[in-house]
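Here the structure comes first, spelled out in structure tokens, and everything after it is commentary.
Protein chains: 2
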Amino acid sequence: MTISTDLAYADRLDAQDDLGHFRDRFMIAEDELIYMDGNSLGRLPMAATELATDMIHQQWGTRLIRSWNEGWFTAPERIGAKIAHLIGAHEDEVIVAESTSINLFKLVMAALRLQSGRAHILTDDLNFPSDLYILQGVIELLDKQHQLEIMPSADGVYGPVSALQARLSEQTALLTLSHTVFKSGYLYDMAALTAAAHDAGSLVLWDLSHSVGAVPVDLHAANADLAIGCTYKYLNGGPGAPAFLYVRRDLQEKLLNPLSGWMGQRDLFDFKLDYQPAPGLRRFLTGTPPMMSLALIEPGVELLLEAGIDKLRAKSLRQSNYLIQLWQRELEPLGFTLKTPREAQQRGSHVSLGHQEGLRIDLALINDMQVLPDFRAPDNIRLGITPLYTTYRDIYQTVLRLKAIVTERLYEKYSTDAPIVT
Amino acid sequence: MTISTDLAYADRLDAQDDLGHFRDRFMIAEDELIYMDGNSLGRLPMAATELATDMIHQQWGTRLIRSWNEGWFTAPERIGAKIAHLIGAHEDEVIVAESTSINLFKLVMAALRLQSGRAHILTDDLNFPSDLYILQGVIELLDKQHQLEIMPSADGVYGPVSALQARLSEQTALLTLSHTVFKSGYLYDMAALTAAAHDAGSLVLWDLSHSVGAVPVDLHAANADLAIGCTYKYLNGGPGAPAFLYVRRDLQEKLLNPLSGWMGQRDLFDFKLDYQPAPGLRRFLTGTPPMMSLALIEPGVELLLEAGIDKLRAKSLRQSNYLIQLWQRELEPLGFTLKTPREAQQRGSHVSLGHQEGLRIDLALINDMQVLPDFRAPDNIRLGITPLYTTYRDIYQTVLRLKAIVTERLYEKYSTDAPIVT
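Chains A and B, in that order, give the protein sequences. Under my numbering, the letters of the first sequence match residues 11 to 432, in that order. Under my numbering, the letters of the second sequence match residues 11 to 432, in that order.
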């Protein structure tokens, strides 16, 4: 194949793509920009621009305090119910609240209290550092018996499945893992790990931040206990938009939120001095939700529901397979390594490429090549595939530009001291 | 005075008001609406509408992930520094993060760890129930020795100052109070209570939610240790906008955030597995901030700085005095009680009126009279004075309409089962 043939091939794939029209539902301000970072901050849905105007002028500016009774109070459940459809949960099992980190703290602390007599939290070193930091904070607050066990991945790509399974014991209170691993894109077998944990009497908490909206998740099929996740990545909810949490129905009344806040109080306007947790998931709310950021989650979720998560997954895998094929032909000979599983069922929706000049290549890609990936130390160039708007042409051109950066040594002008974008 | 004379008098006061022009800097969508709830949700600054458009189209829609390096990462400190000027703090002593409740949890837990050997938290029953709920949650997480002591107010209006002072002991780890009390508007003498607590070796945490932007606060003059506060009331930051926290410089490196999150990590993009707190106030950040809600705080704070907090306080007191005079003449004979201190130096920026038919009067005021106050059980009609946009005419008409509701028995059609707005 020649390059021109290849470009035509990419365009033909785009032309045949029955999800391709969803790209028009997003703001594409710079036609020439190739955005490969939707797994970090999703693009702006056009419907969110209209909603933002309504939120500002009508809901805040005009209705003022009345808006709390006109949809704001119930927004955490309403949007949670929509997210539930993406992750195989009942509508009353998901609620939007605070941030992923804060929600992790709430659920881990609640789980440890329920699991009295068991003092270990089990995880792996592929988990988000942000999650590990929260887990360390939880351990600090508890008595000396509590421990955090971090199983190492052998290669930094694949989850240490058998080590985790071997480590589960009558001491394990909670197994918590990132379902799709943020660096390598490795995808855990949720059902298998959950079953193994349950066999040992442990609860399981899944961080779905890199799965929700990208990978079909079936919390019920896996009988998962707890989950958290982010809304600003594949859900396109906007920068730093509040996160969600899932608690299986039968656990909801057994768990208590350690961050016992007014929004989780049973009778909000009685102003009683004693905290009484609300029934159901509302008890896991704490503070007043940031409504501008919260409301704007809804349009992105609706786009995903409209497209259908199974179709999105199928396209995502076609696109990541395409990217891996191009890597093999164009980039592997130039020293790029594949840091993502080749097996489709073990892969989320991004592909990480390593290179000994990874950071400088990343900088050249951003500054000279109109491609926005992201970078994860030490040398991962992370390419996010967001099938609602990523085109085959985007992928093809990204590969070609990576190739040019190395063959033409365009990275050499960059220093490794440059700041890194999230 | 006749009523027409009175209205002319109110209008004359407005005409003489050198802050009156600030009302034009806010969206006033319904001219006929009298908004007396700016102490619960501040109005929309016009500058925030422009900023919201920029945030949506330019910062999120166009710049995408790049915006994190173009102002988003530093927004918590940048906006915190502006708030610092309203509360007598250094710029590097205030940061915007999460919600008031979450920030309270962080600082209380951090303070208790620093005060090992002391196990009591002291507060009063005039404090926000939301704060008491968080304090209860903190106590639940700690060992059995820790206690929450809630001093009762004798009359529900004035803070139990001498009871608090008498209760301070070598067991008191932390005294925490709401500087302006949410029901009665009672204003604590921050310097006196802080000094008394320090004499006993206790730390002090002030909740400034009903003071910031309404009352001059001088944390340094009082040598206050810790503070938290809300941005969506007098700061006009938008519904549920993130809160702020203050930690005096010399305490910053001594305190550790129990909600140890990625945003508070020393080297954000090293992705090390061990949490290392950032120097200074950033360690008190936890999750990724909700940028839409966070960014929109800034225009409201800038308006307050432009007007000047001392001038705002002077107007607020003139207006609350005016309201109290009108109450005495028009409403006291109808059974309305004043539930706010008459002494100006003991009063924040709202006035609470009680009545045995309080809730039904409140409902008539909202539904029939185009006045939006708020209501706090059991019978408080709370009238917020927000001198950036409250007019003397607003106050005069509110009083007249309250009078009409009672004299014409307009409240009788309402049930006390109606829902209540925050």
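Just so you know, even glycine gets a beta-carbon here, dropped at the ideal spot from N, CA and C. In this text the structure is predicted, and so the values were computed from the model without any measurement.
Going along chain B, which residues have a C-beta under 7 Å from residue i?
i: Ala251/A; result: Pro300
i: Phe254/A; result: Per Cβ cutoff of 7 Å: no residues; Phe254/A is ~13 Å from chain B at best.
Does any CB atom of chain E fall closer than 9 Å to the CB of residue i?
i: Pro289/A; result: Looking at the structure shown, chain E is missing, and the protein chains on hand are A and B.
Roughly how many angstroms lie between the CA atoms of residue i and residue j, to the nearest whole one?
i: Leu185/A; j: Ser50/A; result: 25 Å
i: Ile149/A; j: Gln157/A; result: 6 Å
i: Ile376/B; j: Lys349/B; result: 20 Å
i: Thr182/A; j: Arg293/B; result: 30 Å
i: His130/B; j: Leu218/B; result: 22 Å
i: Tyr424/B; j: Pro139/B; result: 27 Å
i: Ile319/A; j: Thr347/B; result: 59 Å
i: Val361/A; j: Gly127/A; result: 41 Å
i: Lys193/B; j: Gly368/B; result: 14 Å
i: Asp141/B; j: Val104/B; result: 19 Å
i: Pro252/B; j: Gly239/B; result: 9 Å
i: Thr432/A; j: Phe279/B; result: Unreliable placement is indicated for Thr432/A, whose pLDDT of 47 sits below 50; no coordinate value is reported for it.
i: Glu312/B; j: Ile405/A; result: 44 Å
i: Ala288/A; j: Leu265/A; result: 11 Å
i: Phe83/A; j: Glu159/A; result: 39 Å
i: Gly310/B; j: Gly248/A; result: 22 Å
i: Asp260/A; j: Ala164/A; result: 36 Å
i: Ile415/A; j: Ser221/A; result: 31 Å
i: Leu23/A; j: Glu42/A; result: 19 Å
i: Gly30/B; j: Pro55/B; result: 15 Å
i: Thr396/A; j: Ala224/A; result: 7 Å
i: Tyr19/A; j: Ile38/A; result: 23 Å
i: Asp16/B; j: Gln26/B; result: 15 Å
i: Glu342/A; j: Lys321/A; result: 30 Å
Residue i: which of the options sits nearest, CA to CA?
i: Leu215/A; options: Phe115/A, Ile415/A and Tyr424/A; result: Phe115/A
i: Thr133/A; options: Gly81/A, Val191/A and Glu108/A; result: Val191/A
i: Val468/B; options: Ser212/B, Lys193/B, Arg76/B and Leu54/B; result: No answer is possible for residue 468/B: the residues shown for chain B start at 11 and end at 432.
i: Tyr242/B; options: Leu197/B, Arg53/B and Phe36/B; result: Arg53/B
i: Pro162/A; options: Leu174/A, Thr110/A, Asp153/A and Leu151/A; result: Leu174/A
i: Glu435/A; options: Leu203/A, Pro226/A and Leu124/A; result: The requested residue 435/A is not part of the displayed model; chain A covers only 11 to 432.
i: Asp284/B; options: Leu291/B, Gly290/B and Arg276/B; result: Arg276/B
i: Ile66/B; options: Pro300/B, Ala231/B, Arg258/B and Gln380/B; result: Pro300/B
i: Gln407/A; options: Phe36/A, Thr396/A and Met46/A; result: Met46/A
i: Gly169/A; options: Lys154/A, Met200/A and Tyr143/A; result: Met200/A
i: Gln356/B; options: Asp34/B, Thr72/B, Gly247/B and Pro226/B; result: Pro226/B
i: Tyr402/B; options: Tyr332/B, Gln146/B, Thr204/B and Leu314/B; result: Tyr332/B
i: Trp78/B; options: Gly290/A, Asp384/A, Leu261/A and Ser330/A; result: Asp384/A
i: Arg411/B; options: Trp70/B, Tyr143/B, Trp337/B and Thr400/B; result: Trp337/B
i: Gly345/B; options: Ser330/B, Gln329/B, Leu363/B and Pro351/B; result: Leu363/B
i: Leu306/B; options: Leu197/B, Ala57/B and Asp27/B; result: Ala57/B
i: Leu178/B; options: Glu80/B, Arg370/B, Ala206/B and Thr426/B; result: Ala206/B
i: Asp102/A; options: Leu229/A, Ala324/A and Arg88/A; result: Arg88/A
Using the beta-carbon of each residue, which ones in chain B are nearer than 8 Å to residue i?
i: Glu108/A; result: Glu108, Ser109, Ile112 and Gly297
i: Thr426/A; result: Under the 8 Å cutoff, chain B gives no residues; its nearest Cβ is about 12 Å from Thr426/A.
i: Gln146/A; result: Ser270, Asp284 and Tyr285
Tell me whether residue i counts as near the ligand PLP, meaning its Cβ is closer than 8 Å to at least one heavy atom of that ligand.
i: His365/A; result: Inclusion of the ligand PLP in the displayed structure is not the case, the ligand content being empty and no account of it being possible.
In chain A, which residues lie less than 8 Å from residue i when you measure between Cβ atoms?
i: Tyr399/B; result: Under the 8 Å cutoff, chain A gives no residues; its nearest Cβ is about 12 Å from Tyr399/B.
i: Arg53/B; result: Gly71 and Leu74
i: Thr59/B; result: Ile66, His67 and Gly71
i: Leu382/B; result: Leu74, Ile75 and Arg76
Starting from residue i, find everything on chain A with Cβ-Cβ shorter than 7 Å and list it in chain order.
i: Trp272/B; result: Ser111, Pro139, Ser140 and Tyr143
Since residue i meets chain B, which of its residues come closer than 9 Å, beta carbon to beta carbon?
i: Gln275/A; result: Pro139, Ser140 and Tyr143
Could you tell me which chain A residues have their CB closer than 9 Å to the CB of residue i, listed as they occur along the chain?
i: Asp217/B; result: Simply none; closest approach about 13 Å.
Within the stretch 96-135 of chain A, ranges of the alpha helix (DSSP H) (whole runs, at least 4 residues)
110-124
Every unbroken alpha helix (DSSP H) inside the stretch 156-205 of chain A [4 residues or more]:
171-177
Where are the alpha helix (DSSP H) runs, 4 residues long or more, that stay fully inside the stretch 304-389 of chain B, in chain order?
307-317, 319-336 and 368-379
Please list the residues of the stretch 25-51 of chain B that have a C-beta atom closer than 7 Å to any C-beta atom in chain A, keeping them in chain order.
Met37, Ala39, Glu40, Tyr45, Asp47, Ser50 and Leu51
For the stretch 61-83 of chain B, which residues have a CB atom closer than 9 Å to at least one CB atom of chain A, in sequence order?
Ala62, Thr63, Met65, Ile66, His67, Gln68, Gln69, Trp70, Gly71, Thr72, Arg73, Leu74, Ile75, Arg76, Ser77, Trp78, Asn79, Trp82 and Phe83
In chain order, what residues of the stretch 305-332 of chain A put their CB closer than 7 Å to some CB of chain B?
Leu306
Could you list the residues in the stretch 385-415 of chain A with a C-beta less than 7 Å from some C-beta on chain B, going in chain order?
Arg386 and Ala387
With 9 Å as the limit, tell me which residues of the stretch 149-160 of chain A have their beta carbon closer than that to any beta carbon of chain B; keep them in chain order.
Glu150, Leu151, Leu152, Asp153 and Ile160
Contact residues within the stretch 220-248 of chain A, judged by C-beta distance below 7 Å to chain B
Gly248
At a CB distance below 8 Å, what residues from the stretch 161-174 of chain A approach chain B? Give them in sequence order.
none
In chain order, what residues of the stretch 122-135 of chain B put their CB closer than 8 Å to some CB of chain A?
Asp135
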